[in-house]
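Presented below is the structure to which this report refers.
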Amino acid sequence: MKATTIKGIAVGSVLGLAIGIGGYTFIYAKGASYLTNNSAACANCHIMQEHYDGWIKSSHRSVASCNDCHTPGNMVGKYWTKADNGFFHSLAFTTGDFPDPLRIKPRNRKITENACLKCHKDIAHDILAVGQGSEPLSCVRCHREVGHPK
Amino acid sequence: NIFERKQEAKNPFYRVVELDEYTSDPAIWGKNFPLQYDDYKKTVDQVRTRYGGSEAFPRTPTDADPRSIVAQSRLEEDPRLKTMWSGYAFAKDFREERGHAYMLDDQTYTERQVAAQQPGACLHCHASVYVPYKKLGEGDLMKGWEKMNKMPFQEARQLVDHPVACIDCHDAETMQLRVTRPGFIEGIRALKASQGVKDFDVNKHATRQEMRTYACAQCHVEYYFKGQEKRLVYPWAKGIKVDEILAYYDEVKHKDWTHAETGAPALKAQHPEFELWSQGVHARSGVACADCHMPYKREGAHKISDHHVRSPLLNINRACQTCHKWPEEELRARVRTNQDRTYKMRNLAMDALIDLIVDIKKARDTGKAEADLAKAQDFQRKAQFYLDFIEAENSMGFHAPQEAVRILGESIDFSRKGQMSLRKMEPPATVSRAVN
Amino acid sequence: NIFERKQEAKNPFYRVVELDEYTSDPAIWGKNFPLQYDDYKKTVDQVRTRYGGSEAFPRTPTDADPRSIVAQSRLEEDPRLKTMWSGYAFAKDFREERGHAYMLDDQTYTERQVAAQQPGACLHCHASVYVPYKKLGEGDLMKGWEKMNKMPFQEARQLVDHPVACIDCHDAETMQLRVTRPGFIEGIRALKASQGVKDFDVNKHATRQEMRTYACAQCHVEYYFKGQEKRLVYPWAKGIKVDEILAYYDEVKHKDWTHAETGAPALKAQHPEFELWSQGVHARSGVACADCHMPYKREGAHKISDHHVRSPLLNINRACQTCHKWPEEELRARVRTNQDRTYKMRNLAMDALIDLIVDIKKARDTGKAEADLAKAQDFQRKAQFYLDFIEAENSMGFHAPQEAVRILGESIDFSRKGQMSLRKMEPPATVSRAVN
Ligand SMILES: [Ca+2]
Ligand SMILES: [Ca+2]
Numbered sequence: 001m002k003a004t005t006i007k008g009i010a011v012g013s014v015l016g017l018a019i020g021i022g023g024y025t026f027i028y029a030k031g032a033s034y035l036t037n038n039s040a041a042c043a044n045c046h047i048m049q050e051h052y053d054g055w056i057k058s059s060h061r062s063v064a065s066c067n068d069c070h071t072p073g074n075m076v077g078k079y080w081t082k083a084d085n086g087f088f089h090s091l092a093f094t095t096g097d098f099p100d101p102l103r104i105k106p107r108n109r110k111i112t113e114n115a116c117l118k119c120h121k122d123i124a125h126d127i128l129a130v131g132q133g134s135e136p137l138s139c140v141r142c143h144r145e146v147g148h149p150k
Numbered sequence: 001n002i003f004e005r006k007q008e009a010k011n012p013f014y015r016v017v018e019l020d021e022y023t024s025d026p027a028i029w030g031k032n033f034p035l036q037y038d039d040y041k042k043t044v045d046q047v048r049t050r051y052g053g054s055e056a057f058p059r060t061p062t063d064a065d066p067r068s069i070v071a072q073s074r075l076e077e078d079p080r081l082k083t084m085w086s087g088y089a090f091a092k093d094f095r096e097e098r099g100h101a102y103m104l105d106d107q108t109y110t111e112r113q114v115a116a117q118q119p120g121a122c123l124h125c126h127a128s129v130y131v132p133y134k135k136l137g138e139g140d141l142m143k144g145w146e147k148m149n150k151m152p153f154q155e156a157r158q159l160v161d162h163p164v165a166c167i168d169c170h171d172a173e174t175m176q177l178r179v180t181r182p183g184f185i186e187g188i189r190a191l192k193a194s195q196g197v198k199d200f201d202v203n204k205h206a207t208r209q210e211m212r213t214y215a216c217a218q219c220h221v222e223y224y225f226k227g228q229e230k231r232l233v234y235p236w237a238k239g240i241k242v243d244e245i246l247a248y249y250d251e252v253k254h255k256d257w258t259h260a261e262t263g264a265p266a267l268k269a270q271h272p273e274f275e276l277w278s279q280g281v282h283a284r285s286g287v288a289c290a291d292c293h294m295p296y297k298r299e300g301a302h303k304i305s306d307h308h309v310r311s312p313l314l315n316i317n318r319a320c321q322t323c324h325k326w327p328e329e330e331l332r333a334r335v336r337t338n339q340d341r342t343y344k345m346r347n348l349a350m351d352a353l354i355d356l357i358v359d360i361k362k363a364r365d366t367g368k369a370e371a372d373l374a375k376a377q378d379f380q381r382k383a384q385f386y387l388d389f390i391e392a393e394n395s396m397g398f399h400a401p402q403e404a405v406r407i408l409g410e411s412i413d414f415s416r417k418g419q420m421s422l423r424k425m426e427p428p429a430t431v432s433r434a435v436n
Numbered sequence: 001n002i003f004e005r006k007q008e009a010k011n012p013f014y015r016v017v018e019l020d021e022y023t024s025d026p027a028i029w030g031k032n033f034p035l036q037y038d039d040y041k042k043t044v045d046q047v048r049t050r051y052g053g054s055e056a057f058p059r060t061p062t063d064a065d066p067r068s069i070v071a072q073s074r075l076e077e078d079p080r081l082k083t084m085w086s087g088y089a090f091a092k093d094f095r096e097e098r099g100h101a102y103m104l105d106d107q108t109y110t111e112r113q114v115a116a117q118q119p120g121a122c123l124h125c126h127a128s129v130y131v132p133y134k135k136l137g138e139g140d141l142m143k144g145w146e147k148m149n150k151m152p153f154q155e156a157r158q159l160v161d162h163p164v165a166c167i168d169c170h171d172a173e174t175m176q177l178r179v180t181r182p183g184f185i186e187g188i189r190a191l192k193a194s195q196g197v198k199d200f201d202v203n204k205h206a207t208r209q210e211m212r213t214y215a216c217a218q219c220h221v222e223y224y225f226k227g228q229e230k231r232l233v234y235p236w237a238k239g240i241k242v243d244e245i246l247a248y249y250d251e252v253k254h255k256d257w258t259h260a261e262t263g264a265p266a267l268k269a270q271h272p273e274f275e276l277w278s279q280g281v282h283a284r285s286g287v288a289c290a291d292c293h294m295p296y297k298r299e300g301a302h303k304i305s306d307h308h309v310r311s312p313l314l315n316i317n318r319a320c321q322t323c324h325k326w327p328e329e330e331l332r333a334r335v336r337t338n339q340d341r342t343y344k345m346r347n348l349a350m351d352a353l354i355d356l357i358v359d360i361k362k363a364r365d366t367g368k369a370e371a372d373l374a375k376a377q378d379f380q381r382k383a384q385f386y387l388d389f390i391e392a393e394n395s396m397g398f399h400a401p402q403e404a405v406r407i408l409g410e411s412i413d414f415s416r417k418g419q420m421s422l423r424k425m426e427p428p429a430t431v432s433r434a435v436n
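Residue numbers (my numbering), protein chains in the order written: chain A, 1 to 150; chain B, 1 to 436; chain C, 1 to 436.
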């Protein structure tokens with residue numbers, strides 16, 4: 001057999017393994033819960049428990065679910081993000097390979113910043129209207145705790 | 001009702017009148033932006049906090065000074081200031097600063113105008129000069145500025161008629177923040193250059209968040225007038241820390257005045273809010289002046305910046321509590337703790353400086369040659385500038401608590417070393433008498 | 001965060017062995033709590049940070065001192081310390097402190113033991129004394145403590161065999177935190193009394209969050225040995241600020257030693273971590289020692305406290321980022337900024353103190369009467385204690401940045417005033433020569 005094919009098999013099987021494990025957890029941990037809007041579902045992972053607990057105490061518990069703030073508005077993006085987070089979170093959860101305390105990733109942070117505007121565009125209109133060029137105004141800079149009060 | 005609110009929010013910038021590069025009267029801008037204008041007018045309010053705000057003192061108007069109300073005199077609160085600034089106009093009149101609405105009158109009528117002939121350069125930070133500069137420079141801001149700088153104050157004063165106004169901070173078309181002050185445009189460029197950033201153009205390169213600080217840093221900074229041109233210069237070419245600013249003044253051999261009692265070539269620091277803030281943890285965290293002094297407020301369906309610029313301690317709820325979930329009283333106490341510590345050190349540093357001034361004066365009276373006083377005088381120059389850097393800064397240390405106290409501690413060391421340079425160990429015999 | 005607490009509370013304790021009031025060997029506790037025990041053992045690690053941690057220096061063991069590795073000598077890093085402590089055991093040997101695992105050996109073999117006969121009271125903070133105290137006092141902790149205090153160190157040393165262990169911080173049954181140190185039990189009661197709280201019983205009245213600090217404050221505090229009984233006393237009867245502690249020492253006329261070169265009745269400050277922390281914004285915010293030095297870490301399903309007690313800068317992610325969402329590098333830089341400022345002032349204060357010591361020595365050599373030196377000596381006592389309060393404190397100012405620099409600033413003023421009390425203005429003639 002050629003070295004390359006061996007490599008190929010090796011890589012392949014590693015990948016497969018990864019997907020396997022990730023997929024396993026995805027199901028085991030009701031990864032499908034990513035596809036629902038039920039916030040409690042996110043807490044199927046104890047790793048999410050703290051954030052769930054925080055959300056329960058937040059001003060938003062009765063008005064915004066996890067997904068409202070952590071997934072983009074449009075359908076496609078929404079489910080892609082869920083799949084993305086769902087799969088990688090599942091994988092990370094299984095391998096235990098993630099920062100502790102958790103830190104939101106730039107991409108998800110952007111999604112969340114935009115999420116604010118899904119509901120607060122009107123009230124924020126004036127302060128957004130004078131934005132310096134393309135640079136967006138960060139809401140989270142001041143409202144970091146709206147979803148998860150300390 | 002919600003529906004109306006939403007309608008209102010749809011077109012916040014609904015324009016009743018057209019605004020252009022030459023509209024300086026805020027009342028006209030107010031027609032388009034009544035919410036901001038109403039708050040802007042509130043800067044006439046005078047409320048005192050322990051170390052900030054201001055107190056309204058009634059006075060009988062005179063022809064020379066028609067003001068019927070002024071802020072408390074800092075010189076009366078602490079007479080040591082007169083000794084500290086002896087021979088300089090500040091020893092004649094220095095008051096607690098108050099709201100923006102008063103900036104033009106307070107500058108026009110301060111006795112410092114009588115004590116010395118002041119240049120048109122003063123107006124850079126006390127009036128709406130954007131339009132006047134452009135007119136004077138036939139469309140060229142910088143040219144107009146250079147012209148006004150060297151005029152006598154009274155002559156230049158005729159060319160302006162508003163305190164800082166909308167057009168000084170905003171682009172009339174987009175309403176975006178814009179730096180209009182030549183002094184800052186050149187100052188920040190020099191500062192960035194010292195940090196390795198070439199040709200910094202603040203209106204092109206600054207982020208929105210930075211502009212929320214720069215809008216204020218146009219005026220709330222240390223400055224001096226350079227040469228006969230009376231060019232307004234912000235001394236940041238070597239950096240923005242007190243040590244770097246002093247190094248700059250030493251290099252260009254600048255002095256603001258000669259101390260009347262000691263002959264020391266002294267420097268007066270003035271409102272280095274931007275400089276001190278830049279050394280604090282809020283600056284590191286990207287918290288801008290406007291975040292605390294113009295916090296967002298809700299007005300109906302609008303969320304706007306509170307244009308009633310004032311002490312955040314009069315507005316803790318909006319100024320601090322979005323970021324700090326502590327009770328209002330606790331936040332006030334934290335500021336107070338930082339300020340009281342700074343105030344205690346400020347007083348120790350002031351005592352030390354006065355001791356030095358008294359010593360140098362004594363030495364002179366006993367006929368000591370000026371040459372032999374040079375060392376002590378230089379220590380006075382240093383001690384005075386460091387102390388004044390915090391004394392003149394208006395947050396009583398809050399903007400950078402540790403740095404403020406560090407600067408005062410060094411001031412004490414300078415003053416005492418100055419005294420030491422005039423004293424020597426006593427011969428045993430005379431000791432007991434001399435100890436004091 | 002209460003809910004989080006509830007969660008941990010659920011942590012199952014698999015009791016493999018029974019623990020009781022007399023089980024002092026941590027290895028046995030380790031059978032029930034292997035995770036905590038494994039981390040606890042890691043305190044043998046030596047890693048250096050700019051101002052903290054510790055560096056491992058190999059040495060050839062001797063009969064007198066069998067240690068093959070010690071931490072760097074602070075005396076060699078800064079010889080001025082020898083002058084500052086001249087005549088006191090600390091001038092013989094003073095090293096950077098390291099992990100808990102070394103506490104008993106480092107105390108037993110420090111040359112300070114050779115320089116002076118030390119009492120059993122020393123062991124209060126360097127060994128697992130809970131069981132030994134109880135045995136010595138036939139069940140009565142306080143009695144046993146009083147007995148051990150006055151024994152010669154070497155005799156008392158025979159009664160202990162572990163550095164601080166599980167039983168010193170935990171109740172063997174409930175695993176709850178418990179204060180076992182008589183010195184702290186009495187000290188905190190005196191402190192609370194000074195604040196108007198009567199009969200404070202720390203083990204009854206302290207909240208859980210307070211206990212997360214008190215567990216450490218049992219040892220990381222300033223102290224002295226009172227009278228012939230060598231009773232270990234924490235000088236907090238007038239309060240916990242440096243000024244209040246000095247006032248207490250002055251009142252009870254205590255001195256730690258007489259300065260060899262100046263004869264000043266000096267005071268040595270020692271590791272006032274709890275005292276300085278209490279003046280900072282973290283204390284105000286209810287942030288406990290354990291929050292930063294024993295942060296929670298996730299072990300599988302539940303969180304445990306990291307028993308590898310060490311510098312948080314070696315563990316920023318867990319120690320800081322739970323509360324501060326800044327990048328690790330930024331957080332390190334913030335600490336560094338606070339520490340560098342403190343270090344700069346610490347050096348200025350040290351120079352000033354050395355200048356004073358040299359002056360007093362000169363005055364003595366020129367045969368000046370002790371009585372005439374009293375004033376200068378008292379200034380040395382003050383300056384020394386204030387400087388030492390920050391020098392001996394181990395966070396290089398981080399625990400309360402502004403307060404640390406305030407204290408150093410006052411120290412400078414004391415030293416310089418002391419020099420002044422020995423000098424007088426010179427007659428004009430001699431000036432130029434004498435200026436230095
Ligand atoms: Ca004011
Ligand atoms: Ca150490």
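Cβ atoms here follow ideal geometry from the backbone N, Cα and C, with glycine treated the same way. Because the structure is a prediction, the values reported are computed rather than measured.
Does the beta-carbon distance from residue i to residue j come in below 8 Å?
i	j	result
E328 of chain B	N317 of chain B	yes
Q72 of chain C	E97 of chain C	no
H307 of chain C	M294 of chain C	yes
A319 of chain C	C289 of chain C	no
Y296 of chain C	S305 of chain C	yes
R67 of chain C	Y109 of chain C	yes
K268 of chain B	D388 of chain B	yes
G409 of chain C	V405 of chain B	yes
G120 of chain C	M142 of chain C	no
Closest Cβ-Cβ distance between residue i and chain B: below 8 Å?
i	result
G239 of chain C	no
L117 of chain A	no
L276 of chain C	no
Q209 of chain C	no
Within 10 Å of its beta-carbon, does residue i have 16 or more other beta-carbons around it, so buried, or fewer, so exposed?
i	result
Q154 of chain B	exposed
G22 of chain A	Unreliable placement is indicated for G22 of chain A, whose pLDDT of 41 sits below 50; no coordinate value is reported for it.
G196 of chain B	exposed
D38 of chain B	exposed
E8 of chain C	Low confidence applies to E8 of chain C: its pLDDT is 47, below 50, so where it sits in the model is not reliable enough to give any reading.
V252 of chain B	exposed
I104 of chain A	exposed
Within 8 Å (strictly less), CB to CB, does residue i reach chain C?
i	result
P106 of chain A	no
I28 of chain B	no
So if DSSP puts residue i in a beta bridge, which residue, or which two residues, is it bridged to?
i	result
L232 of chain C	C:F225
W257 of chain B	B:A266
L177 of chain B	B:H170
Name, please, each residue of chain F whose Cβ falls closer than 8 Å to the Cβ of residue i.
i	result
V281 of chain C	No chain F is part of this structure, whose protein chains are labelled A, B and C.
Say whether chain A places a C-beta atom closer than 8 Å to the C-beta of residue i.
i	result
Y14 of chain B	no
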